[in-house]
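S.K.: Quick one: this structure, given as structure tokens, is what I'll be asking you about.
Number of protein chains: 2
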Amino acid sequence: MRSYAQFCPIARALDVIGERWALLIVRELLIHPARFTDLRRGLPGIASNLLTERLRTLEEAVIVERTELPPPAASAVYQLTERGFALRHVLREVARWGAPLLDERPNDDAVDSHWLVRFATMAFRDVPTAELGPLSASIRVGPSAISLFVAANGVSISAQPAANPNVVITADAEHAVALLTGAISPANARAQAAARFDGPGGAVAQLDALLARIGAPPTPNPS
Amino acid sequence: MRSYAQFCPIARALDVIGERWALLIVRELLIHPARFTDLRRGLPGIASNLLTERLRTLEEAVIVERTELPPPAASAVYQLTERGFALRHVLREVARWGAPLLDERPNDDAVDSHWLVRFATMAFRDVPTAELGPLSASIRVGPSAISLFVAANGVSISAQPAANPNVVITADAEHAVALLTGAISPANARAQAAARFDGPGGAVAQLDALLARIGAPPTPNPS
DNA sequence: CTGCATCCGCTTCGATACTG
DNA sequence: CAGTATCGAAGCGGATGCAG
Chain A
524 MRSYAQFCPI
534 ARALDVIGER
544 WALLIVRELL
554 IHPARFTDLR
564 RGLPGIASNL
574 LTERLRTLEE
584 AVIVERTELP
594 PPAASAVYQL
604 TERGFALRHV
614 LREVARWGAP
624 LLDERPNDDA
634 VDSHWLVRFA
644 TMAFRDVPTA
654 ELGPLSASIR
664 VGPSAISLFV
674 AANGVSISAQ
684 PAANPNVVIT
694 ADAEHAVALL
704 TGAISPANAR
714 AQAAARFDGP
724 GGAVAQLDAL
734 LARIGAPPTP
744 NPS
Chain B
524 MRSYAQFCPI
534 ARALDVIGER
544 WALLIVRELL
554 IHPARFTDLR
564 RGLPGIASNL
574 LTERLRTLEE
584 AVIVERTELP
594 PPAASAVYQL
604 TERGFALRHV
614 LREVARWGAP
624 LLDERPNDDA
634 VDSHWLVRFA
644 TMAFRDVPTA
654 ELGPLSASIR
664 VGPSAISLFV
674 AANGVSISAQ
684 PAANPNVVIT
694 ADAEHAVALL
704 TGAISPANAR
714 AQAAARFDGP
724 GGAVAQLDAL
734 LARIGAPPTP
744 NPS
């Protein structure tokens, strides 16, 4: 990409991550390391040569690392470096900003629940669940729905609908993303009628506790 | 821009703000509304037809608003809508991520202090200064330097060096941006030897108090 | 199958010139 | 000052080919 040639942290950042597809590749790798073909699956429409080129650029920028797997699986895996992983903060804000757009123009793109799985995976990755669960929950956002299974050893996420979830959370995309990125508390979301939690009070309380562990609200600073 | 056609808040956001120059235009407008030519000045290298087209796209996306000024100044001003202003959170994270890049490749782009003025302006825009100041400070980052004038009615920022600043803050770009976006406290920055505050203790304490009002540390959540 | 490289038509960008 | 018009260059998207 042509550089903006400006001595400014934003311009410098965009020199590296401003190219088409670059942030979406990072988005994919934020879930877990992936192979070339896995990435293509998650990025419908990308030309293979472009993916090759982007991966090279991201490797040069020390955002992505290419690792050759040992012989049994003669293949290469791409994963984020620490600097690449730091982009989760950028993507979190991009997602928060973009979520309302999903509610506005809900239905012309291919709809699958992959995006919800992604956010749930990121949200619950390192959240402690001791003393919580076992319980199951479903998150419904328009046509998308995923399942959560909370156990003492962590939260597992599935794109399949759960049989009989203890709690069903229903929200629009904006507030689902806000909940899953810690921008809003469950109580607050309910107070605004922005989310519904259907289920027995005890289970809802447990989910509240779980969601509260995702993180603090966004920085209120004016920068 | 061609749409990613994916039902995902990140992809939808990038459909709108992922085009070349788009976020830099928003960056300019975050300081204050600007006219076409003001924008060109802040975006060296942009072609005039591209700026025209981007402004139109951003207007359609309800990020930018075009306002015709009344007759005396027969001109148009571009300013951010609320949705556009909300992009400050995205740009804050982009800046935090990109700041270390400035320290790595310090010196091949045109260097001016405009970028520091921008961050300081954003940082101190709505910060209360009652009981603080009057005092002056200088922030030095490599070849760039700006001046701060703290008074009871607010903080004014200048790209000119102050004559005899009460305090001189010296830091690398990474930590200067971290300080000005509230990602790190002054005490913490000094403890890491990431920033120096030179001046009498009383004045430094006042600057500490000022910087502490910028905002809380970044959200620690793992999304 | 995975991980590319090459070719080609199309879109977007960038530089410059020009106009109300 | 605030754009529009033009045109070559670069980047993108899709198809295809191919080695390991």
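So the sequence lines, in the order shown, correspond to chains A and B.
Here the working numbering is used: the first residue of the first sequence is 524, the next is one more, and so on.
Here the working numbering is used: the first residue of the second sequence is 524, the next is one more, and so on.
The C-beta atom is built at its ideal place from N, Cα and C for all residues, glycine as well.
Predicted, not measured: the structure shown is a model, and the values here were computed from it.
#1: What residues of chain A sit near B/R550, judged by a beta carbon separation below 7 Å?
#2: Taking only the alpha-carbon atoms, compute the straight-line gap between B/N687 and B/R564 and give it to the nearest angstrom.
#3: Would you mind working out which of B/A570, B/L573, B/F559, B/H698 sits nearest B/E747, comparing C-alpha positions?
#4: Beta-carbon of A/R563 versus every beta-carbon of chain B: anything under 8 Å?
#5: Taking contact to mean 3 or more Cβ pairs, one atom from each stretch, closer than 8 Å, check whether the segment 536-556 of chain A and the segment 566-578 of chain A are in contact.
#6: Who are the near neighbours of A/I540 in its chain, counting only those whose CB is closer than 6 Å to its CB and skipping five residues on each side?
#7: Please determine, among A/F672, A/V585, A/S708, the residue with the shortest C-alpha to C-alpha distance to A/A685.
#8: Could you confirm whether any beta carbon from chain A is found closer than 8 Å to the beta carbon of B/A536?
#9: Any C-beta of chain B sitting closer than 8 Å to the C-beta of A/H698?
#10: Taking DSSP as the reference, what is the three-state secondary structure of A/Q729?
#11: I'd like the ranges of any alpha helix (DSSP H) spanning at least 4 consecutive residues and lying wholly in the segment 627-714 of chain B.
#12: Taking the alpha carbon of A/A696 as the reference point, which residue from A/S679, A/S670, A/A717, A/G607 has its own alpha carbon closest?
#13: If the cut is a Cβ gap below 7 Å, which residues of chain B does A/A622 touch?
#14: Would you call B/M645 buried or exposed, if buried means 16 or more other Cβ atoms sit within 10 Å of its Cβ?
#15: Whole angstroms is fine: what's the gap from A/L734's alpha carbon to A/T652's?
#16: Identify the contact partners of B/L546 in chain A, using a Cβ-Cβ distance below 8 Å as the criterion.
#17: Is A/N744 helix, strand or coil by DSSP?
#18: For my contact list, B/S661 and B/V700 are in at a C-beta cut-off of 8 Å; report their separation, rounded to the angstrom.
#19: Have a look at the DSSP bridge pairing and note the partners of B/E591.
#20: Quick check for students: name the residue ranges of the alpha helix (DSSP H) that lie wholly in the segment 547-596 of chain A, counting only runs of 4 or more.
#21: For B/T575, does the count of other Cβ atoms within 10 angstroms reach 16, so buried, or fall short, so exposed?
#22: According to the Cβ coordinates, are B/I586 and B/A643 closer than 8 Å?
#23: If the criterion is Cβ atoms closer than 8 Å, does the pair B/W620 and A/C531 meet it?
#24: Determine the DSSP secondary structure at B/F720, reduced to helix, strand or coil.
#25: Does chain B have any CB closer than 8 Å to the CB of A/E616?
#26: Going by CA-CA distance only, name the one from B/A528, B/A618, B/E627, B/P666 that's closest to B/D635.
#27: With 8 Å set as the bound, which would you pick, yes or no: does the beta-carbon of B/L671 sit closer than that to a beta-carbon of chain A?
#28: Under the assumption that A/V767 contacts A/A694 (Cβ atoms under 8 Å), give the Cβ distance between them as a whole number of angstroms.
#29: A/P723: buried (16+ other C-beta within 10 angstroms of its C-beta) or exposed?
#30: If we count the other Cβ atoms within 10 Å of its Cβ and call it buried at 16 or more, is A/A599 buried or exposed?
#31: Between B/V650 and B/I737, how many whole angstroms is the CB-CB distance? I'm expecting something under 8 Å.
#32: Identify the continuous alpha helix (DSSP H) that holds B/R525 and give its terminal residues.
M.R.: Quick look at the numbers:
#1: In the second sequence, counting from the first residue as 1, residue 550 of chain B sits at position 27. Under the 7 Å cutoff, chain A gives I533.
#2: Position 164 of the second sequence, counted from the first residue, corresponds to residue 687 of chain B. Position 41 of the second sequence, counted from the first residue, corresponds to residue 564 of chain B. Roughly 30 Å separates the two Cα atoms.
#3: Since the displayed chain B opens at 524 and closes at 746, residue 747 of chain B lies outside it and no answer follows.
#4: In the first sequence, residue 563 of chain A corresponds to position 40, counting from 1. Not an interface residue.
#5: yes
#6: Residue numbering aside, residue 540 of chain A sits at position 17 when the first sequence is read from its first letter. Taken in chain order, the residues that qualify are L546.
#7: By one-based count along the first sequence, residue 685 of chain A stands at place 162. Comparing Cα positions, the closest option is A/F672.
#8: Against the second sequence, residue 536 of chain B aligns to sequence position 13. Yes, because at least one Cβ of chain A sits closer than 8 Å to the Cβ of B/A536.
#9: For the purposes of this step, residue 698 of chain A is taken as the residue at position 175 of the first sequence. No, A/H698 lies away from the interface with chain B (no Cβ there is under 8 Å from its Cβ).
#10: What you label residue 729 of chain A is simply residue 206 of the first sequence in a count that begins at 1. Residue state, collapsed to three classes: helix.
#11: 637-647, 696-703, 709-714
#12: The residue given as residue 696 of chain A occupies position 173 in the first sequence. When only C-alpha atoms are compared, the closest one is A/A717.
#13: To locate residue 622 of chain A, count along the first sequence from 1; it is residue 99. Result: P532.
#14: On the second sequence, residue 645 of chain B is found 122 positions in, with the first residue counted as 1. Buried, because 16 or more other Cβ atoms sit within 10 Å of the Cβ of B/M645.
#15: Stepping through the first sequence from its first residue, residue 734 of chain A is reached at position 211. Stepping through the first sequence from its first residue, residue 652 of chain A is reached at position 129. So the alpha carbons of these two residues sit roughly 10 Å apart.
#16: Locating residue 546 of chain B in the second sequence gives position 23, counting from the first residue. Simply I533, L537, G541.
#17: On the first sequence, position 221 is the one that residue 744 of chain A refers to. Low local confidence applies: a pLDDT of 45 at A/N744 is under 50, so the model's placement there is unreliable, and no value is given.
#18: For the purposes of this step, residue 661 of chain B is taken as residue 138 along the second sequence, with counting starting at 1. For the purposes of this step, residue 700 of chain B is taken as residue 177 along the second sequence, with counting starting at 1. Not confirmed; about 17 Å, so no contact.
#19: Taking the first residue of the second sequence as position 1, residue 591 of chain B is located at position 68. DSSP lists B/A599 as partners of B/E591.
#20: 559-565, 571-583
#21: For the purposes of this step, residue 575 of chain B is taken as the residue at position 52 of the second sequence. Classification of B/T575: exposed, given that the 10 Å Cβ count is below 16.
#22: Here residue 586 of chain B is taken as the residue at index 63 of the second sequence, counted from 1. Here residue 643 of chain B is taken as the residue at index 120 of the second sequence, counted from 1. Cβ distance not < 8 Å, so B/I586 and B/A643 don't count as in contact.
#23: Within the second sequence, numbered from 1, the residue matching residue 620 of chain B stands at position 97. Within the first sequence, numbered from 1, the residue matching residue 531 of chain A stands at position 8. The answer is no: Cβ separation not under 8 Å.
#24: On the second sequence, residue 720 of chain B is found 197 positions in, with the first residue counted as 1. Looking at B/F720 - three-state DSSP - the assignment turns out to be strand.
#25: Walking along the first sequence from the start, residue 616 of chain A turns up at place 93. Cβ-Cβ to chain B under 8 Å: yes for A/E616.
#26: Within the second sequence, residue 635 of chain B is the residue found at index 112, counting from 1. The option with the nearest alpha carbon to B/D635 is B/P666.
#27: Mapped onto the second sequence, residue 671 of chain B falls at position 148. No, no contact with chain A.
#28: No information on residue 767 of chain A is available, as it lies outside the stretch 524 to 746 that chain A covers here.
#29: For the purposes of this step, residue 723 of chain A is identified with residue 200 of the first sequence, where counting begins at 1. Under this definition A/P723 is an exposed residue.
#30: Taking the first residue of the first sequence as 1, we reach residue 599 of chain A at position 76. Per the 10 Å Cβ criterion, exposed.
#31: Looking up residue 650 of chain B in the second sequence gives position 127. Looking up residue 737 of chain B in the second sequence gives position 214. With 8 Å as the limit, B/V650 and B/I737 qualify as a contact, their Cβ atoms being about 6 Å apart.
#32: Taking the first residue of the second sequence as position 1, residue 525 of chain B is located at position 2. Counting along the chain, B/R525 falls outside any alpha helix (DSSP H), and DSSP gives it neither H nor E.
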